[in-house]
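The sequence shown maps to residues 231 to 536 in the numbering used here. Glycine included, every Cβ here is placed at the ideal spot set by N, Cα and C. Note that the structure is predicted; figures quoted are calculated from it, not measured.
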Amino acid sequence: MSAVLLIEQALNGLQFGVMLFLMAAGLTLIFGVMGLINLAHGSLYMIGAFAAAWVAGLTGSFLLALAASLAAAAVAGVLIELLVIRRLYDRDHLDQVLATFALILILSEGTRWVFGSFPLYLDTPDWLSGTLRLPFGIDYSRYRLAMIGAGLVIAAALFAMISKTRLGIRIRAGENDREMIAALGVNISALYTLVFALGAALAGLAGALIGAIQSVQVGMGEPVLILAFVVIVIGGIGSIKGAFIGALLVGLTDTLGRALLPSAFATFLEPAAANSVGASLASMAIYILMAGVLIFRPRGLFGAAT
């Protein structure tokens with residue numbers, strides 16, 4: 231593989247990683263602060279993608295579509311938290327898993343009823359179409375570069391909010407001792423709703439951004455949710471920094487594995503066998519990475535010691 235192609239695949243892995251971070255950040259906030267296992271997080275990703283595709287089809291504006299994805303996912307998150315999730319905080323994790331799995335089915339069928347069974351498509355805006363010439367003669371997609379930039383800006387803003395703002399202090403305090411901050415006068419119910427809405431909005435934005443690369447369809451969130459859980463396990467539950475590093479590791483491992491492993495086996499296997507073996511190992515690579523991390527750091531790279 232040439233150096234140019236290797237750099238392009240690394241950029242693809244970086245783009246995939248920052249999108250996974252948007253999913254995993256909300257998921258780790260919800261679990262870290264609320265102690266809630268939310269299997270319906272992928273459905274919020276799907277809702278954001280469908281809202282963006284629908285608004286883009288009506289208005290032709292990509293920026294309005296992104297705003298719609300944030301708003302739709304956040305509103306859906308607030309409604310879910312108020313109507314369902316709020317009743318699960320004092321229940322065990324099995325009840326949470328069963329209830330949020332039921333939400334997946336309800337939201338999937340509801341989305342199918344509203345938008346139909348056929349995929350929707352979100353076009354890349356003209357001002358982000360085409361390629362941009364990078365150093366070393368690399369022509370890379372403007373849209374993917376914009377996704378990387380947007381993801382890094384959001385990550386920096388999220389880090390700053392968690393570490394520098396009053397809201398961030400309350401979120402971190404709620405993660406460590408929710409009874410104490412409730413006793414100090416913080417409205418813990420409002421904080422939970424806000425955190426859930428923030429996590430939902432990030433998932434919806436990730437769905438909208440990916441929607442311009444792949445089709446928007448029912449069930450698109452579940453495969454990404456699985457990867458987001460892998461990211462959290464690698465990075466450490468409740469750690470935004472861990473979610474960011476874990477997402478980049480997963481994105482680069484998956485993308486570079488799919489690009490490099492088939493060619494690595496081509497030196498001593500027939501092309502068809504090399505592609506089959508390489509593709510199979512590439513699909514396993516992120517889980518091998520997760521297993522390796524858990525062997526040496528069972529709490530994840532940046533998980534708090536218990």
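Tell me whether residue i is buried or exposed, calling it buried when 16 or more other Cβ atoms sit within 10 Å of its Cβ.
| i | result |
| --- | --- |
| residue 518 | exposed |
| residue 360 | exposed |
| residue 347 | exposed |
| residue 539 | The requested residue 539 is not part of the displayed model; the chain covers only 231 to 536. |
| residue 275 | buried |
| residue 371 | buried |
| residue 395 | exposed |
| residue 484 | buried |
| residue 242 | buried |
Under three-state DSSP, which class holds residue i?
| i | result |
| --- | --- |
| residue 368 | strand |
| residue 523 | helix |
| residue 397 | helix |
| residue 446 | strand |
| residue 549 | Nothing in the structure corresponds to residue 549, since the chain is present only between 231 and 536. |
| residue 361 | strand |
| residue 352 | coil |
| residue 238 | helix |
| residue 319 | coil |
| residue 342 | helix |
| residue 261 | helix |
| residue 501 | helix |
| residue 529 | coil |
| residue 270 | coil |
| residue 437 | helix |
| residue 232 | coil |
| residue 290 | coil |
| residue 314 | coil |
Check each candidate in the options and name the one with the smallest Cα separation from residue i.
| i | options | result |
| --- | --- | --- |
| residue 336 | 384, 272 and 297 | 272 |
| residue 440 | 233, 278 and 238 | 278 |
| residue 365 | 243, 457, 497 and 238 | 238 |
| residue 338 | 484, 459, 479 and 450 | 450 |
| residue 247 | 515, 482 and 385 | 482 |
| residue 251 | 525, 315, 383 and 284 | 383 |
| residue 486 | 287, 520, 513 and 472 | 513 |
| residue 255 | 492, 385 and 312 | 385 |
| residue 302 | 491, 444, 515 and 433 | 433 |
Any 3 or more C-beta pairs closer than 8 Å across the region 422-436 and the region 306-314 = Contact holds: three or more Cβ-Cβ distances are below 8 Å.
Unbroken stretches of the alpha helix (DSSP H), 4 residues or longer, contained in the region 440-486 | Scanning the region 440-486 from its first residue to its last, the whole alpha helix (DSSP H) runs of 4-plus residues come out as 451-465.
Would you say the region 262-272 touches the region 317-330, given that touching needs at least three Cβ pairs under 8 Å?
-> As far as the Cβ criterion goes, the region 262-272 touches the region 317-330, which means the pair count is three or higher.
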